[in-house]
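As given, the protein sequences belong to chains A and B, one line each in that order.
Per our numbering, the very first residue in the first sequence carries number 36; after that it's consecutive.
Per our numbering, the very first residue in the second sequence carries number -11; after that it's consecutive.
Glycine included, C-beta positions come from ideal geometry on N, C-alpha and C.
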Amino acid sequence: GDSVTQMEGPVTLSEEAFLTINCTYTATGYPSLFWYVQYPGEGLQLLLKATKADDKGSNKGFEATYRKETTSFHLEKGSVQVSDSAVYFCALPRHGNNRLAFGKGNQVVVIP
Amino acid sequence: DAGVTQSPTHLIKTRGQQVTLRCSPISGHKSVSWYQQVLGQGPQFIFQYYEKEERGRGNFPDRFSARQFPNYSSELNVNALLLGDSALYLCASSLATGTLSDEQFFGPGTRLTVL
C-alpha cells in the first residue's frame, strides 16, 4: 500500500544551521503529502502540506516541495532555532485524509 | 476554542485488563480517527468514525473496538491488554470524511502503560 519512508536517526544541529529531513513516498497516483510536528508532551500539529506535484508547502520558515520525479517531499529550514526541537513526521493519506500513513519520524535537537 | 481533548492523560494497566480511552473532538467536527504511536515509531491508524459509523479500520486485532456518540465524542476500548499495547493513543478530529482540504487536528494523546 501507499507509504512514506523517512531517513533514519535523530538529527542534532546548532542554532541557525540548515535543516534537511528526507522523505520519500511510494504511491499509486499522486496523493497529498504532509509534514507533521510533535513538540514534547503534545499531540501532532500539521506543519505544511502539498496537494499536487510541484507544489511547495511552507510554514514557519519550513518548506517542502512535492517532487514526483524523485518521489520525494524533503523538509528544509534555512536557519533553525532551539524552539524547532521536536519530532517531525512525513505522512500521506490512504482512502482519504482521515487515514494517514506516517513515517517513523525524526527527532530534531537544536543546540544553542 | 477548545482543541481535541483526550482523557485520561496517563494510564497504567496490567496484562489481561481492559481499558477505555475517551476523546472529545473540536466543536463542529463529525469525524474522529484513532492512532496508536509506539515509542520511537510513527502513529498507526486504528479506526475512523463518522456520524457514529465506522468508516475505516487499520490492521489491528479484534481486541480493539471503538464507538462514536451522538455528540461526536468517541471511545476506544482495548480488551485483554498485552505488553505490546503500551503506546501513546492519539485521537484526531476533522470536519468531514476526508477531502483534500480536510485537515485532521490531533489531541495530546493518552499514554497507556501495560505492566
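Query, Result
"Residue from Ile56/A, Lys95/A, Gly76/A with nearest C-alpha to Gly95/B", "Gly76/A"
"Buried/exposed call for Gln6/B, threshold 16 Cβ in 10 Å", "exposed"
"The region 40 to 55 of chain A contacting the region 63 to 80 of chain A, beta-carbon criterion three pairs below 8 Å", "no"
"Cβ pair Ala80/B, Phe93/B closer than 8 Å", "yes"
"Rounded C-alpha distance that separates Phe137/A from Phe124/A", "6 Å"
"Assigned exposure category for Asp119/A - 16 Cβ within 10 Å defines buried", "buried"
"Per-residue DSSP class, three states only, for Val(-8)/B", "coil"
"Partner residues on chain A for Phe57/B, Cβ-Cβ distance less than 9 Å", "Here the premise fails: no neighbours, minimum Cβ distance about 18 Å."
"Where the beta strand (DSSP E) through Val122/A begins and ends", "121 to 128"
"Segment contact, 8 Å Cβ cut-off, at least three pairs: the region 47 to 61 of chain B with the region 12 to 28 of chain B", "yes"
"Neighbouring residues, chain A, relative to Leu78/B (Cβ below 8 Å)", "Gly78, Leu79"
"Under 7 Å (Cβ pairs) to chain A, residues found in the region 29 to 54 of chain B", "Gln29, Gly30, Pro31, Phe33, Gln36, Gly44"
"Interface flag, Ser(-5)/B vs chain A, CB-CB below 8 Å", "no"
"Close beta carbons around Ser107/A, own chain, < 6 Å, minus the five adjacent residues each side", "Thr59"
"Buried/exposed call for Gly64/A, threshold 16 Cβ in 10 Å", "exposed"
"DSSP beta-bridge partners of Arg102/A", "Ser107/A"
"Under 7 Å (Cβ pairs) to chain B, residues found in the region 83 to 115 of chain A", "Thr86"
"Status (buried if at least 16 other CB within 10 Å, exposed otherwise) for Leu64/B", "buried"
"Near-chain B residues of the region 114 to 138 of chain A - C-beta to any C-beta below 8 Å", "Phe124, Ala126, Pro128, Arg129, His130, Gly131, Asn132, Asn133, Arg134, Leu135, Ala136, Phe137, Gly138"
"Cβ neighbours of Ala88/A in the same chain (closer than 6 Å, five flanking residues each side left out)", "Tyr65, Tyr101, Lys103"
"Whole-angstrom C-beta distance between Pro(-4)/B and Thr101/B, which should lie under 8 Å", "Their Cβ separation, rounded to whole angstroms, is 12 Å, which puts Thr101/B and Pro(-4)/B out of contact at 8 Å."
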